[in-house]
Structure formats: C-alpha cells, structure tokens
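The block underneath contains the structure these notes are about, expressed in structure tokens.
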Amino acid sequence: MKRIALMLMVVIAFSACNNEKTTKVTTDNIEKELQTKLINAKDGDIIEIPEGRFSFTRSLSLNDVPNVTIKGAGIDKTFLSFKDQIDGAEGIRIKADGITVEGFTIEDSKGDAIKIQDSKNVVIRAINATWTEGAKETNGAYGLYPVNCENVLMENCEASYSSDAGIYIGQSRNVLMRNNLAHHNVAGIEIENCRMVEAYDNIAENNTGGFLIFDMPGLPQANGYSVKVHNNIVRDNNFKNFSPEGGMVNIIPPGTGMLVVAHNDVEIYSNTIEGYKTLGLAIVTFNFTQRPFKTENGFSPYYSKLNIYDNTFNRKGGVAGVPDITKEFGKMVNGMFPAQTQDILIDGIFNPDLEQANGNYVGDNRVCIRNNGDDIRFVNLNADGAKDLGDIKKSFDRDMEKFDCTIPSIDTEITKENLVLNKR
C-alpha cells in the first residue's frame, strides 16, 4: 500500500545551509549567553549547547529568524532544567520558519516544555521533555507542542509526565511523526485538528490514554482530515489521570488505548493495541462528551470516513482487566459490561446531513472496521437520542457486520513546495 508522500514533506531546503554559521554556547552564565545568542541569531545559524546539566530561571525564545538550529550534545548528554523557573509560560518558545531543535533533554518547565507556533519547515528530533517529580497536576500541559505549523517532522523524541499530552501536534498541516516514545502522560500522543498527518513506528505506553485523534471546537482550524496512524505500539495505557479538572483529556479513563473524537478521514491500521483495562479503541462524536460547543469555522461534532483494519487487540485480563471507574466514561463501560474490557466501542451517533443506509454511512464516508482479530469485544452504543445509561443499555448492539466494509486508503501527495528531507 502506498504510503502518504508526507515522507518527503517535512523540512528545510538545502539552500538554507549555504548561510550556516556554528556558534557554541559556553558554560559561563549559560542562561544569559544562550538567550543572547537566540536574540542575535542570523538566518542559518547553528547554536550548539554543550554536554552537561544547566539551570534556567526564565523562558528561552526565538522569534522570526529563519533556518536556525538549536542543537545539544545528545538527548542523554545535554539537560536544560527549568525547575527554578520564575518567569515565562514555556521552557522554550519558538516562532520561526526552518527551525530545527535536536539532541537535548528539557526538564521541569513551568508550562509547556517546547512550544513551536506559526512556523513552517519544523524539525523536532531526539528531544526528551519530562517532569522529574513524576505525575503532578501542576506539571506543564504539553511536552513537545508544535501548533499551527506547516511541514513538521518529529522523530526519535520522548515525552513523559505531561499533565495533558506528552507529544502533541495541533492545527497543523503536513506532519510526519515517527519513532517517538510517550509514557506516563495523561495523553501519550495527540493529533488535534490537523490535516495530512502520518504517524508510524511510535510507542505510547503507560499513559492514561495512549493515542488520541481529536477534532475540537472553538479553534481557528476545524475539521482535520487525512490522518494516517499505522505500525505503532500502544500498550499498557492504564496510568492514572492526573490532569487538572476542566480540560478535555480529563474525561479519559485510565486504560484507554486509542480514542477518536469527532474526526473525519482517519486510517488506523497495523497497530498493536494491548494491555488496556477499559477500552482498546473508542470512536465517539463530540456530542458524546456532553460538553457545550459551537459550530464555528465549520466545526462538525461527527466522525465519518474512518478506515480501521488489520490491528491487533489484546486486552488486559483477570482482576487487572476491570474497567476504570474514576471517570464517567469508564463508569459507563463498567456499568454496561461489568468487569469486561471492551476492545472497540463506537457511540453510533451519525451525521444526519450525510446519506446513510443499514446503520452506516454510504460510499466513502463509511466507518469501516475489519480484520482486527477474531476475539473482539465490539459494541455499538447506538446512543443517538439516549438520555442516560438506561437508554443506552436498551439500544446497544454487537453487530460489527454493518461496519465490515472497505474504503480507499488515504493517499495525499504534497505538492505545495519542493521540499527535501533535512540531512543536517
């Protein structure tokens, strides 16, 4: 099957390398020196941070200087600690095209570890974002956080103990995420309101929820599409939900492998989803969250055009496999199916504006679920119009045959720019 041409999308043209100048940061007053180098950076500069552990009290920032590389001596050699941070909402904040960050660990930022916003041609490589005191509600929301970016490569990174999502990509276009590890976050890896994304060979383990694909209301870019998630390992995501009250991820019950909310045009295949105690894969509309929303920017609360096939599901068994009841979603699952983990759950609420037949959409808008194993606990809640759990208990069914179908694989060619893979 042809892979999305996103493989070549992400990065920086070699012409930028012609102006490269390498400057090394010394260990004398490194906080002031590094920020000064970022302020005075020129197009094409490479700023190298030496091996060691360094403390920072204020956010570092880079604005409007293209083709800058911020490079440490290695993910396990260069450590930037923000444990004593007194100023700034992030550890590192960047708004610049052609940015590359690679080869260091960032610890204990007051807010998000690295936020890259409104930027094109972004490379995030071999970065570790973590909070060293473990799971705390006061930890920063996001570890690695590119938002409203275009042409993004995120590879060989690690994120842990974020109070929202460890590895997050939001409202972005043309994104490749590969070979990353997310663990002990609330949400391991999250793709939100994005268009043209491919995520493969990642590991999400020991989070509350392993892999999230959301479309959220109230954001400038609504209605994400063309999201391809394959060959990932999503395992043992039963960690406690330590997020602050009020956030979307606060609804996620521990024991959730993958969760799709209100998203259109998603392909999920050849993933291993295992060791979950509540839900392997849940597909729900935004209506199901019972949160208020407005249809601004054309936001639709429904899912459609979902292609889910050839995944391996292995739920947690025995006493350890009892669904979580600390969150309402988990209480619902356990209330309907006492002590029975569900592998695939769909709320069965369909967009009335799209043509339907036999309990599914028709044509390429269909929800197709096939070849995901023989011992699958599948449930369609048929929750449209349900007022409470009692209504859902009367309406649900386990008929997966209506979803046994095939729709075309996502195949998106990136032709906007003549980009080449960054080799720096």
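-15 is the number of the first residue of the sequence shown in the numbering used here; add one for each residue after it. Positions of the beta carbon are idealized from the N, C-alpha and C atoms, including for glycine. On a predicted model such as this, the values are computed, not experimentally measured, just so you know.
Check, Outcome
"Helix or strand or just coil, what does DSSP make of residue 407?", "Residue placement at residue 407 is flagged as unreliable, the pLDDT there being 35, under the threshold of 50; the coordinate-derived value follows with that caveat. Three-state result, residue 407: coil."
"Closest to residue 220 by C-alpha separation, out of 232, 96, 263, would be which residue?", "263"
"Short of 6 Å in beta carbon distance, which residues of its chain neighbour residue 291, apart from the five on each side in sequence? Order them along the chain.", "251, 352, 391"
"With a threshold of 7 Å on Cβ separation, who are the neighbours of residue 144 within its own chain once the five nearest residues in sequence on each side are excluded?", "114, 150, 167, 168, 169"
"For the candidate residues 307, 71, 326, 253, whose alpha-carbon lies nearest to that of residue 15?", "71"
"Between residue 410 and residue 247, what straight-line distance do the alpha-carbon atoms span, to the nearest angstrom?", "Look at the range of the chain in this structure, -15 to 408, and you will see that residue 410 is not part of it."
"Can you tell me where the alpha helix (DSSP H) holding residue 8 begins and where it ends?", "Segment 5 to 8 is the beta strand (DSSP E) holding residue 8; no alpha helix (DSSP H) there."
"Contact between the region 108 to 128 and the region 195 to 211 is defined here as three or more beta-carbon pairs at a separation below 8 Å; is this criterion met?", "no"
"Do residue 310 and residue 260 come within 8 Å of each other at the CB atom, strictly closer than that value?", "no"
"What are the start and end residues of the beta strand (DSSP E) that includes residue 62?", "62 to 65"
"To the nearest angstrom, report how far apart residue -8 and residue 320 are at their CA atoms.", "Because residue -8 carries a pLDDT of 40, less than 50, the predicted location of this residue cannot be relied on, and no value is offered for it."
"The beta strand (DSSP E) with residue 377 in it runs from where to where?", "Where residue 377 is concerned, there is no enclosing beta strand (DSSP E), although the alpha helix (DSSP H) it sits in stretches over 373 to 379."
"Quick test of the definition: if touching needs 3 or more C-beta pairs under 8 Å, does the region 333 to 350 touch the region 295 to 310?", "no"
"Return the Cβ separation of residue 410 and residue 12 in integer angstroms, given the expectation that the two are a contact with Cβ distance under 8 Å.", "The structure shown does not extend to residue 410, since the chain is modelled only from -15 to 408, so the question has no answer here."
"Taking its Cβ as the centre, do 16 or more other Cβ atoms sit within 10 Å of residue 355, making it buried, or is it exposed?", "exposed"
"Mind checking residue 29: buried by the 16 CB within 10 Å criterion, or exposed?", "buried"
"In or out: residue 274 buried (at least 16 other Cβ within 10 Å) or exposed?", "exposed"
"Work out the CA separation of residue 176 and residue 394 for me, nearest whole Å.", "18 Å"
"Return the chain-ordered list of same chain residues with a C-beta closer than 7 Å to the C-beta of residue 282, the five sequence neighbours on each side being excluded.", "206, 207"
"Please tell me whether residue 100 and residue 78 are closer than 8 Å, where the distance is taken between their beta carbons.", "yes"
"Using only the alpha-carbon positions, how far apart do residue 186 and residue 265 sit?", "17 Å"
"Go ahead and pull the three-state DSSP assignment for residue 40.", "coil"
"Would residue 75 be called buried (16 or more neighbouring beta carbons within 10 Å of its own) or exposed?", "buried"
"Between the C-alpha atoms of residue -15 and residue 256, what's the straight-line distance to the nearest angstrom?", "Since pLDDT at residue -15 reaches only 38, below the 50 mark, its modelled position is unreliable, and the value read off the structure follows with that caveat. So the alpha carbons of these two residues sit roughly 19 Å apart."
"Straight-line CA distance for residue 254 to residue 39?", "42 Å"
"Where does residue 303 land, buried or exposed, given buried means 16+ other C-beta within 10 angstroms?", "exposed"
"Please name the residue, chosen from 335, 349, 293, 226, that lies closest to residue 384 on a Cα-to-Cα basis.", "293"
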